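A.B. asks: Numbering (our numbering), first residue to last: 81 to 237.
For each residue, glycine too, the CB sits at the ideal point set by N, CA and C.
It should be emphasised that the depicted structure is a prediction, and the values quoted were computed from it without experimental measurement.
Could you have a look at this structure, given as structure tokens, before my questions?
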């Protein structure tokens, strides 16, 4: 397979007439010319197939990674897509318990490049009791259970 950005190693062998499938992921957006050829048991190769053009969009894909405690809460925001993410609104919301300081922390990440992980933080917290911590970044949300004792936050595994 020629994917327009790289060529694959040979797949198979396959029985004559069998359908062979392959998948590929492109690292960047753009237009790619894809074509394929076959090789028989004797090592004789066919010519390349007629090419097709594949258009790959460059879009971001936001994910929330690890959420950790300690003196405050830290969460990892990842861009696993092929395009830059910009103006990503985020929040860390504490539900439950008696929270005296910073029940909600919000902010905006102006830019997250593809493949980059950034950390968001609440800073110093103060409270006591069981919590549900909900981290939101753009449309993505992740909730973990925790316990707060004074300034210390313990995430349940």
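What does DSSP give as the partner residues of residue 201 in its beta bridges?
C.D. replies: Answer is 154.
A.B. asks: Ignoring anything shorter than 3 residues, give me the beta strand (DSSP E) runs that lie fully in the segment 181–226, in order along the chain.
C.D. replies: The segment 181–226 contains these whole beta strand (DSSP E) runs: 184–192, 197–201 and 206–217.
A.B. asks: Are there 16 or more other CB atoms within 10 angstroms of the CB of residue 205, so buried, or fewer, so exposed?
C.D. replies: So residue 205 counts as buried.
A.B. asks: Alpha carbons only, please: which of 234, 90 and 136 is nearest the one belonging to residue 108?
C.D. replies: The shortest Cα separation from residue 108 among 234, 90 and 136 belongs to 136.
A.B. asks: Smallest Cα separation from residue 223: which of 183, 197, 202 and 172?
C.D. replies: Comparing Cα-Cα distances from residue 223 to each of 183, 197, 202 and 172, the minimum goes to 172.
A.B. asks: Residue 177 to residue 83, Cα distance in whole Å?
C.D. replies: Answer to the nearest angstrom: the Cα atoms are 54 Å apart.
A.B. asks: Of the residues 125, 106 and 233, which one's Cα is nearest the Cα of residue 85?
C.D. replies: Comparing Cα-Cα distances from residue 85 to each of 125, 106 and 233, the minimum goes to 106.
A.B. asks: Starting from residue 233, trace the beta strand (DSSP E) both ways and give me its first and last residue.
C.D. replies: Taken as a continuous stretch (DSSP letters only), the beta strand (DSSP E) holding residue 233 covers 232–235.
A.B. asks: Our contact map puts residue 69 next to residue 187 with C-beta atoms below 8 Å; I'd like the distance itself, whole angstroms only.
C.D. replies: Residue 69 cannot be examined here, being either before or after the span of the chain that is shown, 81 to 237.
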